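Novice:
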Amino acid sequence: MIRLGIDTGGSSLKAAPVDVVRGTLASAACSFPTPMPATPAAVAQVIRQIVASYPQVEGPIGFGFPAVVKRGVARTAANVDRGWIGTDGTALVREATGRPAAFLNDADAAGIAEMRFGAGRGEEGVVMVLTLGTGIGSAIFHEGRLLPNTEFGHMEVRGMEAEHRASGRVRTAESLGWEEWAGRVNEVLARYHALLWPDLFILGGGVSENWTHFGHLLESPARIVRAQLGNDAGIIGAALATLEL
Ligand code: BGC
Numbered sequence: 010m011i012r013l014g015i016d017t018g019g020s021s022l023k024a025a026p027v028d029v030v031r032g033t034l035a036s037a038a039c040s041f042p043t044p045m046p047a048t049p050a051a052v053a054q055v056i057r058q059i060v061a062s063y064p065q066v067e068g069p070i071g072f073g074f075p076a077v078v079k080r081g082v083a084r085t086a087a088n089v090d091r092g093w094i095g096t097d098g099t100a101l102v103r104e105a106t107g108r109p110a111a112f113l114n115d116a117d118a119a120g121i122a123e124m125r126f127g128a129g130r131g132e133e134g135v136v137m138v139l140t141l142g143t144g145i146g147s148a149i150f151h152e153g154r155l156l157p158n159t160e161f162g163h164m165e166v167r168g169m170e171a172e173h174r175a176s177g178r179v180r181t182a183e184s185l186g187w188e189e190w191a192g193r194v195n196e197v198l199a200r201y202h203a204l205l206w207p208d209l210f211i212l213g214g215g216v217s218e219n220w221t222h223f224g225h226l227l228e229s230p231a232r233i234v235r236a237q238l239g240n241d242a243g244i245i246g247a248a249l250a251t252l253e254l
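Per my numbering: the sequence shown = residues 10 to 254.
1. Let me know the secondary structure DSSP gives residue 117 once reduced to three states.
2. Sorry if obvious, but does the Cβ on residue 160 come closer than 7 Å to a heavy atom of ligand 1?
3. For the putative contact between residue 122 and residue 245, defined by C-beta atoms under 8 Å, what is the C-beta separation to the nearest angstrom?
4. If residue 160 sits next to residue 77, beta carbons under 8 Å apart, how far is it from one beta carbon to the other, in whole angstroms?
5. Could you tell me if the beta carbon of residue 145 falls within a distance shorter than 7 Å of some heavy atom in ligand 1?
6. Does the beta carbon of residue 207 fall short of 7 Å from some heavy atom of ligand 1?
7. Beta-carbon within less than 7 Å of residue 67's beta-carbon, same chain only, minus the 5 sequence neighbours each way: which residues are those?
8. Using the beta-carbon count (16 or more within 10 Å), is residue 219 buried or exposed?
9. Would you tell me roughly how many angstroms separate the C-alpha atoms of residue 26 and residue 118, rounded to the nearest one?
10. Would you give the residue range spanned by the alpha helix (DSSP H) that residue 62 belongs to?
11. Going by DSSP, what residues sit across from residue 74 in a beta bridge?
12. How would you label residue 105, buried or exposed, when you count the other beta carbons within 10 angstroms and need 16 or more for buried?
13. Taking all protein chains shown into account, decide if residue 93 is buried (16 or more other Cβ within 10 angstroms of its Cβ) or exposed.
14. Shortest alpha-carbon distance to residue 86 belongs to which of 239, 30, 17 and 206?
15. Among residues of its own chain, excluding the 5 on either side of residue 53, which ones have a beta-carbon nearer than 6 Å to its beta-carbon?
16. Which of helix, strand or coil does DSSP assign to residue 98?
17. How far does the alpha helix (DSSP H) with residue 251 in it extend, from its first residue to its last?
18. Within a Cβ cutoff of 8 Å, which residues of the same chain sit near residue 88, ignoring the five residues on either side of it in sequence?
19. Roughly how many angstroms lie between the CA atoms of residue 152 and residue 181, to the nearest whole one?
20. Taking the straight line between their C-alpha atoms, what separation do you get for residue 14 and residue 33?
21. Do you know how far the Cα of residue 12 is from the Cα of residue 113?
22. For residue 38, which option in 247, 254, 251 and 241 has the closest C-alpha, if you only look at C-alpha atoms?
23. Can you tell which of 223, 115 and 28 has the C-alpha that lies nearest to the C-alpha of residue 186?
24. Could you tell me the boundaries of the alpha helix (DSSP H) in which residue 151 lies?
25. Using DSSP's beta-bridge definition, name the partner residues of residue 24.
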């Protein structure tokens, strides 16, 4: 079964048809720059373009977005236009495309995909999936079940929000070397570990493509592994979320 998954990031919206039985992309992903400002109307326009790019894929659409999402409605807007607060993402997709949608937090989507098809397969303890991109996204699982909308990227670490110290964007913006940046990530992991005692951290997001540069520098009492689905996790997880509709 093929479903369209969309992952909204700070710099681009990525989408692809996903084989939701195998957890793989059924054809190449497309990418559109995130509109500036990324208002709901501007993003709806991009979603229309994405759907038009895959005329062969029918059915509901999975839409991952970097916000707290409660019952289909965005409640926060940390790195996106504030017009999203209170926006019904499900209705937005329906109006833009005529299709039903599953609207969920982007990190929750990535986590769902990693747990089902990636580095979290078969993991039953407490697993924390983190996406290190424009922000830091978090998804926490216990015995494979998601606790949705955790926002650990905003936890204060050394007087600053974690995502303002240690996201992938901060590494580039502050031209941090891998050691310095990994040191910051370690501080963040230490805080998360002290409070949640996960058995496993799964680290994803764009920067995980550079795992060979920093993976060996990371430390925690919990195991730390690289996300296996890389940057596709958010797309795959969004598509998987449509199965719950
Ligand atoms: C947002 C989260 C999102 C994360 C990763 C944070 O700024 O508050 O909802 O999951 O960025 O995109």
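For glycine and all other residues, C-beta sits at the position ideal for the given N, C-alpha and C.
Quantities reported herein were computed from a predicted structural model and do not represent experimental measurements.
Specialist: Looking at the atomic coordinates:
1. Look at residue 117 here: in three-state DSSP terms it is helix.
2. In this structure, ligand 1 has a non-hydrogen atom nearer than 7 Å to the beta-carbon of residue 160.
3. Contact holds; Cβ gap of about 4 Å.
4. Yes, they are in contact, since the Cβ atoms of residue 160 and residue 77 sit about 6 Å apart, within 8 Å.
5. yes
6. no
7. none
8. exposed
9. Cα-Cα distance, rounded: 15 Å.
10. Where residue 62 is concerned, the enclosing alpha helix (DSSP H) stretches over 49 to 62.
11. 114
12. buried
13. buried
14. The option with the nearest alpha carbon to residue 86 is 17.
15. Apart from the 5 residues on each side of it in sequence, residue 53 sits with its Cβ closer than 6 Å to the Cβ of 101 and 105 in its chain, given in chain order.
16. helix
17. It is not in any alpha helix (DSSP H) - residue 251 carries neither H nor E in the DSSP assignment.
18. 19, 75, 143 and 144
19. 35 Å
20. 11 Å
21. 15 Å
22. That would be 241, whose Cα lies nearest to the Cα of residue 38.
23. 223
24. Per DSSP, residue 151 belongs to no alpha helix (DSSP H); it is in the beta strand (DSSP E), 145 to 151.
25. Looking at the DSSP assignment, residue 24 forms a beta bridge with 15 and 39.
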